[in-house]
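Inspection log for the structure reproduced underneath, given as structure tokens.
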Amino acid sequence: MPGDKSRNERPPFTSREAFRYRKLAGEIERRITGGIYQPGEKLPSIRRLHQQTSLSISTVYQAYVELENTGVVEARPKSGYYVRPVSLQKLEAPVFSKKSSAPQRVSLAPAINSVVEAISNPRFVPLGNTAMDPALLPVKPLARILKSLSHSEMRTLLTYSPSEGFPELRRQIALRTVGVLEGIAPEDIIITNGCMEAVALSLLAVTQPGDTVAIEAPTNFSFLQLLKELGLLVVEIATDPREGVDLEELEKSLSTSTIRACLFMPNFHNPLGALMPEGKKQALMELLSAHGVPVIEDNISSPLYFGEQRPKPLKAYDRDNLVLTCSSFSKTLAPGLRLGWTIPGSRFSPKIKRLKAGITISTSTLDQYLVSRFLESGAYERHLRVLRTALKKQLFRTALEIQKHFPTQTRLAVPQGGSLLWIQLPPAVDGLAVYQAAFDRNIAIIPGVVCSNSKIFTNYIQIGCAAPFSHKIKEAVEILGSIVSGSL
Ligand SMILES: Cc1ncc(COP(=O)(O)O)c(C=O)c1O
Numbered sequence: 000m001p002g003d004k005s006r007n008e009r010p011p012f013t014s015r016e017a018f019r020y021r022k023l024a025g026e027i028e029r030r031i032t033g034g035i036y037q038p039g040e041k042l043p044s045i046r047r048l049h050q051q052t053s054l055s056i057s058t059v060y061q062a063y064v065e066l067e068n069t070g071v072v073e074a075r076p077k078s079g080y081y082v083r084p085v086s087l088q089k090l091e092a093p094v095f096s097k098k099s100s101a102p103q104r105v106s107l108a109p110a111i112n113s114v115v116e117a118i119s120n121p122r123f124v125p126l127g128n129t130a131m132d133p134a135l136l137p138v139k140p141l142a143r144i145l146k147s148l149s150h151s152e153m154r155t156l157l158t159y160s161p162s163e164g165f166p167e168l169r170r171q172i173a174l175r176t177v178g179v180l181e182g183i184a185p186e187d188i189i190i191t192n193g194c195m196e197a198v199a200l201s202l203l204a205v206t207q208p209g210d211t212v213a214i215e216a217p218t219n220f221s222f223l224q225l226l227k228e229l230g231l232l233v234v235e236i237a238t239d240p241r242e243g244v245d246l247e248e249l250e251k252s253l254s255t256s257t258i259r260a261c262l263f264m265p266n267f268h269n270p271l272g273a274l275m276p277e278g279k280k281q282a283l284m285e286l287l288s289a290h291g292v293p294v295i296e297d298n299i300s301s302p303l304y305f306g307e308q309r310p311k312p313l314k315a316y317d318r319d320n321l322v323l324t325c326s327s328f329s330k331t332l333a334p335g336l337r338l339g340w341t342i343p344g345s346r347f348s349p350k351i352k353r354l355k356a357g358i359t360i361s362t363s364t365l366d367q368y369l370v371s372r373f374l375e376s377g378a379y380e381r382h383l384r385v386l387r388t389a390l391k392k393q394l395f396r397t398a399l400e401i402q403k404h405f406p407t408q409t410r411l412a413v414p415q416g417g418s419l420l421w422i423q424l425p426p427a428v429d430g431l432a433v434y435q436a437a438f439d440r441n442i443a444i445i446p447g448v449v450c451s452n453s454k455i456f457t458n459y460i461q462i463g464c465a466a467p468f469s470h471k472i473k474e475a476v477e478i479l480g481s482i483v484s485g486s487l
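The letter at position 47 of the sequence shown is residue 46 when you use numbering that gives the first Met the number 0, and the numbering goes up by one with no holes.
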């Protein structure tokens, strides 16, 4: 079967079978990353694994297809499956320097406008995008829902929705907190225009202009734009590329500066891809409770996990009602719908409701209806399963190409979810110059300098893997590799 042209055509597996092949794929992958199977080594045959595990031949085969799709193993015709000779094990994570900043005004990197322009230019190879490629979006079922609308339904949908959101959408979102958050009712959720409005309302609810907010270094550059517009100061807290914000550094800043709020991304951080371990989330909440400081958490990428379990939001460890959880469907469904939400908790909910009503009145009724019908149908969970596998594959394939074409001192940590790669280039390389040379070749990437207020990440770039891996992307990564090597 290895090398069979039809191998990527997935047979219709039941959810129990799918669970079994994913579990087996996970076990084999752990043996590879744990070094039990070495790069280039032949893996047990399908027949042997079938006998050893008593799983069916097709389940074992599908486990290998899954691993092949994510670039962990390769099939050699008439020979079997092998651990990829170029293994990501050789890549080291970016160096983590424990350096935090004092409170500062926000000043944006001059390159920011050009970066935003490059990301949204459809002629560019999209290696800067965090928004999913439309090829990965469930276009057909969404179009079917819109086509099925009667005139009388349409009439209702052209009116304002309640300010806090369309009741059915709030109910569908509340249902999806089961398993990661306890006791969330539809009334606890406030619908917003994307995650950015959720974050903006949360910042307005907990700060005044001139206050200081603790942010991660690096951070999502859109947050820097927002914080500047709101007249807030920032303290940058050193953030580990694998495990998120550093608690010792945060504690130091909490005791030396008056911090009114934190704005963090514990689940698949942008741009690092870091996933904060659950124990660390709990410790972070204990620290913030001790100081009585609220935290706005951006949880937008948590459904994009590659492991077995969806990571929990900080809110799961919130005993004192200090967490305002913000999210949206922009990374999983459609950024253009501008549909997000916040779960602010009882302490901040009244203020957020007032701000929402006072600033944007409500969110598009038609878009809320469309998404709630899609969620109701159960198609979202199927879509997410396919999306996660696609992202994992895109991310691994891109990381393998980076390893092949970038100088050996390049460092990156392949994240456990999301779609972003944060790349540390050799110290002599200027990430902004790489960005400019790539821009001239119609390739969009994000230079690290725009991701922090103190502009310390000069030899870093961020690559987004939100488009299906293709020959064009492969070529673009090769060009980037030669630009980086040429700058040494
Ligand atoms: C971490 C993070 N938060 C928020 C946003 C913006 O979300 P939305 O489009 O829902 O406003 C993005 C967009 O890329 C993001 O990466």
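Heads up, the beta-carbon is just placed ideally off N, CA and C, and yes, glycines get one too.
Outcome for residue i when other beta-carbon atoms lying within 10 angstroms are tallied against a minimum of 16
i, result
"Phe373", "buried"
"Ala101", "exposed"
"Ala427", "exposed"
"Ser5", "Note that Ser5 has pLDDT 43, beneath the 50 cutoff, so the model's placement of it is unreliable and the number below is only indicative. Per the 10 Å Cβ criterion, exposed."
"Ile56", "exposed"
"Arg19", "buried"
"Asn7", "With a pLDDT of 44 at Asn7, under the threshold of 50, the modelled position of that residue is not reliable, and the figure given next carries that caveat. Per the 10 Å Cβ criterion, exposed."
"Glu228", "exposed"
"Gly447", "buried"
"Tyr159", "exposed"
"Gln171", "buried"
"Asn452", "buried"
"Glu247", "exposed"
"Ala389", "buried"
"Gln37", "exposed"
"Thr257", "exposed"
"Met153", "exposed"
"Pro349", "exposed"
For residue i, the nearest candidate out of the options (CA to CA)
i, options, result
"Ala237", "Leu223, Leu226 and Ser252", "Ser252"
"Thr255", "Ile401, Phe165, Pro166 and Ser99", "Ser99"
"Met195", "Lys391, Pro133 and Thr341", "Thr341"
"Ala17", "Arg30, Ser53, Pro133 and Val59", "Val59"
"Lys279", "Gly291, Arg122 and Arg241", "Arg241"
"Glu277", "Asn269, Gly243, Ile258 and Glu250", "Gly243"
"Glu488", "Arg410, Val433, Ile444 and Gln415", "The structure shown does not extend to residue 488, since the chain is modelled only from 0 to 487, so the question has no answer here."
"Glu490", "Arg15, Val82 and Pro265", "Because the chain in this structure spans residues 0 to 487, residue 490 falls outside the shown range and cannot be described."
"Leu42", "Asn441, Tyr63, Pro93 and Gly25", "Tyr63"
"Asp297", "Ala108, Leu424, Phe263 and Glu285", "Phe263"
"Glu28", "Ser106, Arg15, Glu65 and Ser14", "Glu65"
"Met371", "Thr211, Val72 and Glu167", "The identity of residue 371 in the sequence shown is Ser, whereas the question assumes Met. Checked all of Thr211, Val72 and Glu167; the closest Cα to Ser371 is Glu167."
"Ser134", "Gln393, Gly485 and Asp245", "Sequence check: residue 134 is Ala here, not Ser. Comparing Cα-Cα distances from Ala134 to each of Gln393, Gly485 and Asp245, the minimum goes to Gln393."
"Lys77", "Phe95, Ile45 and Val105", "Ile45"
"Lys97", "Ala260, Gln308, Ile445 and Glu250", "Glu250"
"Val179", "Gln308, Leu145 and Glu235", "Gln308"
"Ala110", "Phe220, Leu386, Val385 and Ser327", "Phe220"
"Ser300", "Ile31, Asn112 and Ala130", "Ala130"
Sequence-distant residues of the same chain with beta carbon closer than 7 Å to residue i, five excluded per side
i, result
"His508", "Any question about residue 508 goes unanswered here, given that the chain covers just 0 to 487."
"Ala333", "Leu136"
"Ile482", "Val433, Ala436 and Ala437"
"Lys391", "Thr69 and Phe305"
Cβ-based neighbour list, residue i, same chain, cut-off 6 Å, excluding 5 preceding and 5 following
i, result
"Arg175", "none"
"Phe395", "Thr69 and Gly70"
"Arg337", "Asn192 and Gly193"
"Gly230", "Pro208"
"Pro302", "Thr331 and Leu383"
"Glu477", "His404"
"Ser162", "Lys355, Ala356 and Ser361"
"Ile472", "none"
"Glu474", "none"
Cutoff 8 Å; reference residue i; Cβ partners in own chain excluding five residues on either side
i, result
"Ala173", "Ile183, Ala184, Pro185, Asp187 and Ile188"
"Phe347", "Ser201, Ala204, Val205, Pro293, Asn320 and Leu323"
"Thr52", "Leu23 and Val59"
"Asp366", "Leu336, Arg337 and Leu338"
"Pro454", "The amino acid occupying residue 454 in the given sequence is Lys; Pro does not appear at that position. Contacts found: Ala108 and Val448."
"Gly430", "Leu424, Pro446, Gly447, Val448, Phe456, Thr457, Asn458, Tyr459 and Ile460"
Closer than 8 Å: residue i CB and nearest ligand 3 heavy atom
i, result
"Thr255", "Questions concerning ligand 3 fall outside what the structure shown contains, since the ligands it does hold are ligand 1."
Count the C-beta pairs between the region 134-148 and the region 350-362 that are closer than 8 Å, then say yes if the count reaches three, no if not. Segments in contact, no.
For the region 267-274 and the region 415-434, state whether three or more C-beta atom pairs, one from each stretch, are separated by less than 8 Å. Yes, the region 267-274 is in contact with the region 415-434.
Give the list of continuous alpha helix (DSSP H) stretches no shorter than 4 residues that lie fully inside the region 367-440. 378-404 and 430-439
Tell me, please, whether the region 114-125 touches the region 444-463 by the rule of three or more beta-carbon pairs shorter than 8 Å. yes
Which ranges does the alpha helix (DSSP H) cover as unbroken runs of at least 4 residues, wholly within the region 237-299, from first to last along the chain? 246-255 and 277-290
Quick one: which unbroken beta strand (DSSP E) runs of 3-plus residues sit fully inside the region 69-126? Chain order, please. 72-75 and 79-82
Only counting runs of 4 or more residues, tell me where the alpha helix (DSSP H) segments fall wholly within the region 129-156, in order along the chain. 138-146 and 150-156
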